[in-house]
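Shown next, in structure tokens, is the structure this report addresses.
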Amino acid sequence: DLHRARIALARLFGAAAAENRSTRIALIGLRGAGKSTLGRMLADALAYPFVELNREIERLAGCDVAEIHSLYGPSAYRRYERRALDDVVNRHRQAVVATPGGIVSDAATFNRLLDQCTTVWLQATPDEHMNRVLAQGDYRPMAGNGEAMDDLRRILAGRSPFYAKADVAVSTAGKSIEESFAALRDAVADVAVAVRQAAD
């Protein structure tokens, strides 16, 4: 329903807006879903720039994400996140954007993302999310936390209704990188065609 509503709004505001949204692709989901890996592959296939929103946040803040949180707190991080998203939207008519898992936490920023980009929720099981993060050498989720998997399941359950607002969901569960990429590429192509047809 939300997808159809956005298409109807695109029709009201013209084909140009719909075209920009269809060529700005944002990947959402928890860490370990494959946003960076698959996002780079999709950007290469489309000959679009690949943008890691966290890197843009760090560029604007002049320090890394952990320092933003420790020095200025989560509210400041959300402000930088919104500024970084606005900057990406203004600079790129075409791009593949890997977003932070918590971008759904701020309604205004997430709504801006939904309005300006074709959004894809990359899904995986909680075990796969955790194993992929650990395989990348990031042991922070487990550090001093015997209930890390329970925490991850709670986070996923809390965010899932927001992630579900994406234009399309692509499951990477139990799939190879190649299989996941093929599913992502096909889903993005289908959504882009639907958006453009609706705007005509």
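Going by the working numbering, 128 is the number at position 109 of the sequence shown; the sequence numbering is gapless.
Positions of the beta carbon are idealized from the N, C-alpha and C atoms, including for glycine.
Quick caveat: nothing in here was measured; it's all calculated off a predicted structure.
Check                                                                                                                                                       : Outcome
Report all residues from its chain with a CB closer than 7 Å to the CB of Phe69; omit the five preceding and five following residues, and keep chain order. : Gly58, Arg59, Ala62 and Val115
Just to confirm, are Gly51 and Val152 a CB contact at a threshold of 8 Å?                                                                                   : yes
Does Ser94 come out as helix, strand or coil in the three-state DSSP assignment?                                                                            : helix
Would the beta-carbon of Leu49 fall within 8 Å of that of Leu175?                                                                                           : yes
Do the stretch 70-78 and the stretch 107-121 make contact, defined as three or more Cβ pairs closer than 8 Å?                                               : yes
Below 8 Å on the Cβ atoms is my contact criterion, and I expect Thr138 with Leu104 to pass it. Report the Cβ-Cβ distance as a whole number of Å.            : Wrong, their Cβ atoms sit about 12 Å apart, outside the cutoff.
Please state whether DSSP places Glu166 in a helix, a strand or coil.                                                                                       : coil
Going by C-alpha to C-alpha distance, which of Glu147, Thr42, Leu79 and Ala167 sits closest to Ala66?                                                       : Thr42
Distance, Cα to Cα, Ala188 vs Gly120?                                                                                                                       : 15 Å
Pick helix, strand or coil for Arg43, following the three-state DSSP scheme.                                                                                : strand
With distances taken Cα to Cα, identify the nearest neighbour of Phe200 among Asn39, Leu46 and Arg40.                                                       : Leu46
I need the DSSP call for Thr128, collapsed to helix, strand or coil.                                                                                        : helix
I'd like the list of long-range same chain contacts for Asp83, defined as Cβ closer than 6 Å, with 5 residues on each side in sequence excluded.            : Glu77
Run through DSSP, which three-state label would Ser195 get?                                                                                                 : coil
For Thr56, which three-state DSSP category applies?                                                                                                         : helix
On a CA-only basis, which of Ala64, Arg110 and Asp106 is nearest Leu79? Give me that one, please.                                                           : Asp106
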